[in-house]
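As structure tokens, the structure follows; a few thoughts come after it.
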DNA sequence: GTGAAAGCGCTAACAT
DNA sequence: ATGTTAGCGCTTTCAC
């Protein structure tokens, strides 16, 4: 009995005719603005279904200025830094019946360009990891006057707009507490500027946390460099070879760096985790039990899904009060404790 | 003398009024359908600029059914497999003045869902890495009757539609020629089903190439498994420990597997590349000189940019002739020769 | 080549 | 609560 679904045209007036009501009623029923679930409602819905009807977004947008499009703007995709975020955002946006327009702006100029493009498309909202440039923050404030904007991560962002991200100080606090509990009293820091969400911010938070926690460090144990296995190996070897003591733990920007440190430990005859505990600031396949490293690495996991969900909530909720204050939402990261920092028994 | 640009409204009629022409003329000039570059043309353009005018896409789409949106549908982003492709596509699409709607469908069902969504948005074209299911191929053929579709990669795709990707047999041919030139006469194969663009297709191509080239292999040297460092280590160790001979080269699905193989070589006292040459089917940071591995790994690089560009060309070009034949475009991959397969001197 | 006018499909305002 | 009507901004006939 099923008829071949006419995959092409079917407009609201066809549905209205078939259901025996006006187009306005069809619009109200299908958009959910008419809430009753009575005979009429069912008649309209079944008519729409039989005709395989779906609204013409262009017409709807033209009339109501609601495009059902959310823009997501990130500085990069290929380095896998933000691809998890974009994928999470895609899922959330589709759940809400909207669609995701992607903008990748590797430079501040490109990012401004993408912003201009999506604004002229009248998107319903913008999720953005702002480029590390103040000029973008300024542009965002202008845009936010007529379009919901949520910033995510980034060093340089506007305090006048909603923000969702992880707290650098919270990350460092979790790490410090864990290292304390695991019996480490001193720590080295091998940071990275290019491949972390906010390398500088993390480094600053590390410094501050050192003064708060019982952990000690030394100037020569701190490096803020390019990351990578060579980097980790060389810096760790240097640390081990100089002075009378070596740190009881090392914080590494990423898994590769940690692998380098691990190699240096081995060639210096230092046991992990018994003598040195390793913590990675950014989880990856490398760190996991099933991954490359033996021992596996304790690492910080950024909850992309939570961030995407909260950001969309902020986009969706209208800013009702006139004296609206920007939300600054710190999503709690997870510290995944693995073999590299187990408590010495 | 610059006036504050009114960031908000400015419609085609405003431009028409300011330029002293009709809206029709403005539309023709700005869309490029009126080609003369005379006084009138310049008047219109400067008026548009002064008003900071940009077309209302919704209105334009409603009238002309051109949305200036290209959909890109992929099975995944987070595993970094297709994020390079998406980023390349974003760049190309933006160059053409269009915008990218992203659909991530991890299952065949989700992918069909995303396809339905973007079709009902009347996108100007669809770039898709089809899910490995025939049902998607069928749906694509239906869609292609009214919307340009280009398939990329994937085992299971429709022969009736345009396709752009890399040639598995070409990849294997390049590898075989290189290994021959480097002096290897035998080869093992450690494949991977989950993390490569088309694991099965590559494996098949490998088999065929063996019969064509001077390379020999053995049944027990061939594995088609999960990939990863453990996998590589175990399989390579097994190969080395059994029989009288070991292969003079190993083809690995990915960098991680190759690292495992390398570790196995070390513990068996086999020198790379002197005694065994290593080739990786999918380049990554791991493989590069600056990366983790010493020696660096010779690897196949997939030219995402070329693929994205050619795909967009196919979307854009109308299929003029009635007896149109689908394009099957094989983009040439690069074999990046690094230390792991240098010719023994 | 240019302008006048119709109308794409929908939703908001208004009227009942 | 439902129907009637207008009109969102643009492109495209159709005249000239």
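Protein chains in written order, with this note's numbering: chain A, 1 to 345; chain B, 346 to 690.
Where is the CB? At the ideal position from N, CA and C, for every residue including glycine.
* With DSSP run on the structure shown, which of helix, strand or coil describes residue 163 (chain A)? -> strand
* Closer than 8 angstroms by beta-carbon distance: list the chain A residues that pair up with residue 432 (chain B), in chain order. => 76, 77, 78 and 104
* Which of helix, strand or coil DSSP assigns to residue 594 (chain B) -> strand
* To do: Mind reading off the beta-carbon distance from residue 604 (chain B) to residue 638 (chain B)? Whole number of angstroms is fine, and I expect it under 8 angstroms.
  => 6 angstroms
* Whose Cβ in chain B lies nearer than 7 angstroms to the Cβ of residue 101 (chain A)? -> 444, 445 and 446
* Asked: If residue 272 (chain A) sits next to residue 262 (chain A), beta carbons under 8 angstroms apart, how far is it from one beta carbon to the other, in whole angstroms?
  -> 6 angstroms
* **Cβ-based neighbour list, residue 435 (chain B), same chain, cut-off 6 angstroms, excluding 5 preceding and 5 following** => 445
* Closer than 8 angstroms, CB to CB, is residue 178 (chain A) near chain B or not? -> no
* Output yes if chain B places a C-beta closer than 8 angstroms to the C-beta of residue 10 (chain A); else output no. => no
* Asked: Checking contacts by CB at 8 angstroms: is residue 298 (chain A) closer than that to chain B?
  -> no
* **residue 312 (chain A) - containing alpha helix (DSSP H), residue span** => 304–316
* Taking residue 678 (chain B) and residue 511 (chain B) to be in contact with their CB atoms under 8 angstroms, please state how far apart those CB atoms are, rounded to whole angstroms. => 5 angstroms
* Asked: Using a Cβ cut-off of 8 angstroms, which residues of the segment 562–574 of chain B contact any Cβ in chain A, in chain order?
  -> 573 and 574
* For residue 467 (chain B), return the contacting residues in chain A, with the cut-off set at a CB-CB distance below 8 angstroms. => 56, 57 and 58
* **Neighbourhood of residue 529 (chain B) by C-beta distance below 6 angstroms, restricted to the same chain and skipping five residues each side** => For residue 529 (chain B), where only same-chain residues beyond five positions count, the Cβ hits under 6 angstroms are 593, 594 and 622.
* Give every residue of the same chain whose Cβ lies closer than 6 angstroms to the Cβ of residue 585 (chain B), excluding the five residues on either side of it in the sequence, and list them in chain order. => 591 and 613
* Whose CA, out of A:179, A:203, A:264 and A:182, lies closest to the CA of residue 190 (chain A)? -> A:203
* Residue of A:335, A:337 and A:314 minimising C-alpha distance to residue 329 (chain A) -> A:314
* Pull up the distance between the alpha-carbon of residue 497 (chain B) and that of residue 361 (chain B), whole angstroms please. => 44 angstroms
* **Inter-residue Cα distance where the pair is residue 341 (chain A) and residue 179 (chain A)** => 8 angstroms
* What residues from chain A crowd round residue 412 (chain B), counting only those whose CB sits closer than 9 angstroms? -> 57 and 58
* Asked: In chain A, which residues lie with their C-beta within 9 angstroms of the C-beta of residue 626 (chain B)?
  -> Simply none; closest approach about 17 angstroms.
* Asked: Under a three-way DSSP split, which group does residue 231 (chain A) fall into?
  -> helix
* Once you ignore the five residues that flank residue 41 (chain A) on each side, which residues in its own chain have a CB closer than 6 angstroms to its CB? -> 29
* Count the other CB atoms, across all protein chains shown, that sit within 10 Å of the CB of residue 221 (chain A); report buried if there are 16 or more and exposed otherwise. => buried
* **Among B:609, B:610, B:627 and B:587, nearest to residue 597 (chain B) - alpha-carbon criterion** => B:627
* **8 angstroms Cβ cutoff, residue 429 (chain B) in contact with chain A** => yes
* To do: Using alpha carbons as the reference points, say which of B:399, B:380 and B:381 lies closest to residue 359 (chain B).
  => The option with the nearest alpha carbon to residue 359 (chain B) is B:399.
* Asked: Mind checking if residue 396 (chain B) is an interface residue toward chain A, Cβ cutoff 8 angstroms exclusive?
  -> no
* Asked: Residues bridged to residue 569 (chain B) by DSSP?
  -> Residue 569 (chain B) pairs with B:536.
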